[in-house]
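Going by the numbering used here, the first residue of the sequence shown is number 15, and it counts up by one from there.
Some notes on the structure that comes next.
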Amino acid sequence: MSRAYSLAALTVLELTPPEMVRCAAEAGYSHVGIRLLPATPTEPQYDLVGDTPLLREVLRRLADTGVQVLDAEIFRLKPETVVADCEPAIATAARLGASELLVAGNDPDEARLTERFAVLCELAARYRLGANLEFMSWTDAKNLTQAARIVAAAGQPNGAVLIDAFHLSRSGSRIADIAAMPAHHLRYLQLGDVPAAMPATEAEVLAEARAERRFPGDGGLDLVGLLRAVPATLPISLEVPTATLAKTVGAVERARRALAAAKRVVATAEAV
């Protein structure tokens, strides 16, 4: 069974976007994720939106390597967000050949968040892109149940929930809850691992999320169960930041290890 495997930006965040494409190619990935908009103020910010020199360099690297873009991130829906202002970044994602947008819900008013998500979906559909709401315990789409409710209420055919194995665990969500979702509300999956035990504080969860995950199969999450609960052909984005390991192991080797580990877990999940 053929799957697309994508190298997520957070796994090799020390690299520039063109370097990420090269890394993905050298490590054996078919796809890459591009962080068009930074997730935090402390991250490197790149001039990628619009017809910029850096964007053209990324496009050249994609053409040279044959690597494709799976998703573009991160589109945050806040109380003050004007969805129309996202169009330049969405157009850039489409130019890169992405099929998915990664969306975060940062608005405590669920009705307004749902409405804005629906409008974002409509705008993304004009560019033939899916909009995937990722639930994270520290955002306002806190768990699988809430994210699924928002996506369902938005009622857009290209709207979906993005399940990250990390956030499924740390949000207290359950693999069993996936069965209640329509299959078309899942467009791709993020995979990584961590110890089964929950950190004691939200600050520790956040630090773990951004810097210290483990390669698939090296932690305590039920990744086989997760893979068996979702459609078998979902593309897999490997989001595995390993800041401590990165001090001694380069980006390409870490990306290779993540991919090899993911393929082992997938093979186990697919075994009869």
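Glycine included, every Cβ here is placed at the ideal spot set by N, Cα and C.
Would DSSP call residue i helix, strand or coil?
i: Ala-197; result: helix
i: Glu-57; result: coil
i: Val-289; result: Lying outside 15 to 286, the shown extent of the chain, residue 289 is not represented and no answer is given.
i: Gly-234; result: coil
i: Asp-85; result: strand
i: Ser-183; result: helix
i: Leu-27; result: coil
i: Ala-203; result: The sequence given here places Leu at residue 203; Ala does not occur at that position. In the structure shown, Leu-203 sits in a strand (DSSP, three-state: E or B).
Name the one or two DSSP bridge partners that residue i has.
i: Thr-256; result: Glu-226
i: Gly-173; result: Ala-145
i: Glu-114; result: Asp-85, Gly-144
i: Ser-20; result: His-45, Ser-251
Could you check which residue in the options has the C-alpha nearest to that of residue i?
i: Phe-180; options: Ala-166, Gly-111, Ser-113, Ser-151; result: Ser-151
i: Ser-16; options: Ala-274, Thr-247, Arg-268, Pro-93; result: Thr-247
i: Phe-149; options: Leu-158, Leu-51, Thr-66; result: Leu-158
i: Leu-205; options: Ala-155, Asp-236, Ala-214, Ala-139; result: Asp-236
i: Glu-222; options: Pro-209, Gly-231, Asn-146; result: Pro-209
i: Asp-207; options: Cys-135, Ala-168, Arg-228; result: Arg-228
i: Ala-143; options: Val-165, Asp-85, Ala-214, Met-34; result: Note that residue 143 corresponds to Leu in the displayed sequence, not to Ala. The shortest Cα separation from Leu-143 among Val-165, Asp-85, Ala-214, Met-34 belongs to Asp-85.
i: Ala-112; options: Val-81, Leu-29, Val-266; result: Val-81
i: Glu-136; options: Ile-104, Leu-69, Val-279; result: Ile-104
i: Thr-9; options: Ala-98, Ile-177, Val-35, Leu-27; result: This structure cannot speak to residue 9, because the chain is shown only from 15 to 286.
Taking all protein chains shown into account, decide if residue i is buried (16 or more other Cβ within 10 angstroms of its Cβ) or exposed.
i: Thr-256; result: buried
i: Arg-268; result: buried
i: Arg-75; result: buried
i: Ala-23; result: buried
i: His-45; result: buried
i: Gly-239; result: exposed
i: Gln-170; result: buried
Rounded to a whole number of angstroms, what is the C-alpha to C-alpha distance between residue i and residue j?
i: Leu-73; j: Arg-271; result: 26 Å
i: Gly-264; j: Leu-29; result: 10 Å
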